[in-house]
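Taking the UniProt record's numbering, the leading residue of the sequence shown gets 1, the next gets one more, and so forth.
We put the beta carbon where it would ideally sit given N, CA and C, even for glycine.
Quick caveat, the model's predicted, so the values are computed rather than measured.
Worksheet: one structure, shown below.
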Amino acid sequence: MKQNDPGVRRLVNAVLVPGFVGTTVPAWLARELEDGLGGVCWFAHNVETRDATRDLADAIHRLGEHALIWCDEEGGAVSRLDAQSGSPWPGHAALGQLDDVHATRSVGLGIGTSARESGIDIVLAPVVDVNSDPDNPVIGVRSFGGTPDLVARHGTAFAAGLQVAGVAACAKHFPGHGATAVDSHLEAPVVDAARDVLWQRELAPFVAAVESGVRCLLTAHVVFPAVDSELATMSSTWMRMLREDLGFDGVVGTDALDMKAISAGVGRGEGAVRALAAGVDAACIGNPAFPETYDDAEIFEHVRAAVLGAVDDGRLGMARLEEAAGRLAELAAWTRRTEAFPEAPQDGLDIARRSLAVDGDVAVTGAPLVLMHQAGSMAAGDVRFPLARFLGAERDGTAYETVRSGADAVGAMKRHPGQAVVVVTDGLAGGGVVEAVRSADIDAVVVHNGPVGTARDLAAPLIRTWGGGAASARAAAEYLLAEQLLGGRNG
Numbered sequence: 001m002k003q004n005d006p007g008v009r010r011l012v013n014a015v016l017v018p019g020f021v022g023t024t025v026p027a028w029l030a031r032e033l034e035d036g037l038g039g040v041c042w043f044a045h046n047v048e049t050r051d052a053t054r055d056l057a058d059a060i061h062r063l064g065e066h067a068l069i070w071c072d073e074e075g076g077a078v079s080r081l082d083a084q085s086g087s088p089w090p091g092h093a094a095l096g097q098l099d100d101v102h103a104t105r106s107v108g109l110g111i112g113t114s115a116r117e118s119g120i121d122i123v124l125a126p127v128v129d130v131n132s133d134p135d136n137p138v139i140g141v142r143s144f145g146g147t148p149d150l151v152a153r154h155g156t157a158f159a160a161g162l163q164v165a166g167v168a169a170c171a172k173h174f175p176g177h178g179a180t181a182v183d184s185h186l187e188a189p190v191v192d193a194a195r196d197v198l199w200q201r202e203l204a205p206f207v208a209a210v211e212s213g214v215r216c217l218l219t220a221h222v223v224f225p226a227v228d229s230e231l232a233t234m235s236s237t238w239m240r241m242l243r244e245d246l247g248f249d250g251v252v253g254t255d256a257l258d259m260k261a262i263s264a265g266v267g268r269g270e271g272a273v274r275a276l277a278a279g280v281d282a283a284c285i286g287n288p289a290f291p292e293t294y295d296d297a298e299i300f301e302h303v304r305a306a307v308l309g310a311v312d313d314g315r316l317g318m319a320r321l322e323e324a325a326g327r328l329a330e331l332a333a334w335t336r337r338t339e340a341f342p343e344a345p346q347d348g349l350d351i352a353r354r355s356l357a358v359d360g361d362v363a364v365t366g367a368p369l370v371l372m373h374q375a376g377s378m379a380a381g382d383v384r385f386p387l388a389r390f391l392g393a394e395r396d397g398t399a400y401e402t403v404r405s406g407a408d409a410v411g412a413m414k415r416h417p418g419q420a421v422v423v424v425t426d427g428l429a430g431g432g433v434v435e436a437v438r439s440a441d442i443d444a445v446v447v448h449n450g451p452v453g454t455a456r457d458l459a460a461p462l463i464r465t466w467g468g469g470a471a472s473a474r475a476a477a478e479y480l481l482a483e484q485l486l487g488g489r490n491g
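What follows is the structure, encoded as structure tokens:
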């Protein structure tokens with residue numbers, strides 16, 4: 001049986017990318033890295049101090065000759081390196097609203113520089129999904145916007161900045177996740193659009209990314225019935241279109257196989273088998289510490305056993321694995337030999353300031369009560385919008401509460417009588433919080449950090465940040481504190 005062949009085992013290891021628990025290399029992972037593991041994916045729980053993170057990266061690279069470190073660093077709400085403090089870079093939607101491709105490239109450069117200094121090889125960005133559904137529960141502000149041209153221009157600029165910094169950009173989520181009404185972390189989305197619509201809307205930014213030289217793509221766990229009844233991650237039809245029609249010859253990785261669209265369906269192991277057989281190069285297993293904790297070594301062994309079994313029964317050929325492993329080794333060689341260009345990015349806070357939209361007099365008096373009312377995102381994880389931190393640093397007595405309903409908001413205001421109220425909302429959570437605050441006889445400002453379309457019915461005074469992260473939160477705080485700004489956008 002090929003399962004017992006050390007060469008086959010090493011080849012299978014080469015196309016697997018697990019997550020792991022901890023801020024040092026666990027014993028099981030060290031063994032697999034020495035046995036040819038293709039790489040690892042970092043999450044926020046793997047990140048400690050920058051020095052410790054660099055030490056972790058050095059250990060991984062020392063153990064694994066071709067090991068690649070993958071990490072989500074989009075700016076805004078999605079950051080692993082800055083999950084505790086918030087990203088110092090505005091997110092994609094803010095960049096799309098500003099519509100300055102030089103600023104977008106600079107943010108990519110800044111994120112890429114930080115990633116490179118931390119030892120990361122592949123940044124899982126840009127998000128080049130066209131957010132055609134403003135109520136999309138997982139993409140939203142992670143997208144540059146709702147039109148293919150805008151997303152294509154900014155996606156290529158962001159990717160260029162990353163790769164100038166010496167890390168590989170990984171555009172996602174092929175062939176598109178922007179028109180989905182459900183989150184693939186929770187179930188399998190279906191986009192029932194015609195082929196011509198998919199080509200003009202979903203695929204256009206990926207075509208631009210491929211033509212611009214992006215090194216890597218990440219798949220979407222989404223079904224597009226007009227093309228295939230299979231999830232795109234496991235679809236040979238989509239992979240053939242990507243290779244033959246779009247001409248992409250770089251690395252293709254799966255979105256996390258522990259997401260429910262895969263794990264609650266065919267399962268992680270079978271998902272890896274089908275994805276690899278379809279033409280994907282790297283099976284990314286997922287995050288063993290969020291949202292549900294599982295045994296990292298046990299799940300890795302389960303997925304590997306499934307792939308080895310598929311090799312034994314002939315469902316997955318050696319030539320396919322060798323092709324995938326070759327692409328990954330080539331990318332690893334590129335990351336090892338590529339040097340960053342000596343170029344300094346623009347200031348992330350300044351870009352965030354320029355991207356804000358402010359309507360009315362938003363300055364608050366005294367120490368405010370900050371009410372957080374957000375649907376949140378599985379993609380972002382436990383990453384907060386640190387507005388209250390910036391306000392509290394300047395105004396002693398600033399209060400902070402998380403609310404889910406109008407009744408919660410009324411209760412919070414009763415507990416903090418006389419304080420001005422700042423409601424932070426992404427416009428997706430419902431519950432009547434903004435309405436309850438507006439109807440109270442109290443000074444109130446809304447800070448909207450959700451997608452463009454979810455701010456339709458919000459009246460002044462209003463600040464729109466177009467996403468999360470520390471840069472956007474601090475820029476909003478400066479307006480609330482009536483600090484003088486340069487370059488802010490009104491209206």
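- Please decide whether glutamate 323 counts as near chain B, where near means a Cβ-Cβ distance under 7 Å. In summary, chain B is missing from the structure at hand, where a single protein chain is found.
- Message: Based on DSSP bridge pairs, tell me the residues matched to valine 40.
- Response: Ile69
- Message: I need the DSSP call for tyrosine 400, collapsed to helix, strand or coil.
- Response: strand
- Are leucine 257 and glycine 271 touching if we call contact CB-CB under 7 Å? yes
- Message: Just to confirm before moving on: does the CB-CB distance between alanine 44 and arginine 80 stay below 7 Å?
- Response: yes
- Residues of its chain near alanine 363, where Cβ-Cβ distance is below 8 Å and the 5 sequence neighbours each way are ignored: Tyr479, Leu480, Leu481, Ala482
- Message: Once DSSP output is grouped into helix, strand and coil, what is the label at phenylalanine 390?
- Response: helix
- Quick one: grab the DSSP three-state call for alanine 168. strand
- Item | CB of serine 87 within 7 Å of CB of glycine 96, strictly | no
- Task: Alpha carbon to alpha carbon, how far is histidine 177 from proline 18? Give it in angstroms, no decimals.
- Result: 23 Å
- Helix, strand or coil for valine 17, going by three-state DSSP, please let me know. strand
- Item | leucine 218 - partner residues in DSSP beta bridges | Lys172, Gly253
- According to DSSP, residues forming a beta bridge with aspartate 228: Phe224
- Message: Within 8 Å, do at least three Cβ pairs link the region 187-204 to the region 219-235?
- Response: yes
- Message: Between the alpha carbons of alanine 59 and histidine 302, how many angstroms are there, rounded?
- Response: 25 Å
- Query: Exposed or buried, which one is glycine 119 when buried takes at least 16 other CB atoms within 10 Å?
  - Reply: buried
- Message: Rounded to whole angstroms, what is the Cα-Cα separation between alanine 340 and isoleucine 122?
- Response: 14 Å
- Task: Just confirm the distance between the C-beta atoms of glycine 155 and alanine 209, as a whole number of angstroms; I'd bet it's less than 8 Å.
- Result: 6 Å
- Task: Pull up the distance between the alpha-carbon of methionine 234 and that of leucine 458, whole angstroms please.
- Result: 41 Å
- Message: Just verifying my parser: in three-state terms, what is the DSSP assignment at valine 107?
- Response: helix
- Message: For the structure I just gave you, are there three or more beta carbon pairs, one from the region 428-441 and one from the region 336-354, closer than 8 Å?
- Response: no
- DSSP three-state call for arginine 464: helix, strand or coil? strand
- Query: Three or more beta-carbon pairs under 8 Å between the region 329-345 and the region 393-410, yes or no?
  - Reply: no
- Message: For the alpha helix (DSSP H) containing methionine 318, name the first residue and the last one.
- Response: 318-337
- Message: Which of the three DSSP states is assigned to serine 405 in this structure?
- Response: coil
- Message: Under 8 Å, with one C-beta from each stretch per pair, do the region 97-115 and the region 406-419 reach the 3-pair mark?
- Response: no
- Taking buried to mean at least 16 other C-beta atoms within 10 Å of its own C-beta, is arginine 131 buried or exposed? At residue 131 the sequence reads asparagine, which differs from the arginine that was named. Looking at its Cβ environment, which holds 16 or more other Cβ atoms inside 10 Å, asparagine 131 is buried.
- Query: Considering only residues of the same chain and omitting the five flanking positions on each side of threonine 254, which have a CB-CB separation below 6 Å?
  - Reply: Thr219, Thr233, Ala275, Val280, Ala283, Cys284
- Query: Just how far apart, CA to CA, sit leucine 485 and methionine 241?
  - Reply: Residue placement at leucine 485 cannot be trusted, given a pLDDT of 41 that sits under 50; the coordinates are not used to answer.
- Query: So, is proline 26 buried or exposed, given that buried needs 16 or more other C-beta atoms within 10 angstroms?
  - Reply: exposed
- May I have a chain-ordered list of the beta strand (DSSP E) segments no shorter than 3 residues that lie completely inside the region 428-455? 444-448
- Task: Between the Cα of valine 227 and those of Gly326, Glu211, Arg195, Arg215, spot the shortest distance and give me the residue it belongs to.
- Result: Arg195
- For histidine 373: DSSP bridge partner residues: Thr425
- Assigned exposure category for asparagine 4 - 16 Cβ within 10 Å defines buried: exposed
- Item | Chain-order list of residues whose beta-carbon lies under 6 Å from that of threonine 402 (same chain, five-residue window excluded) | Met372
- Mapping DSSP to helix, strand and coil, what is glycine 75? strand
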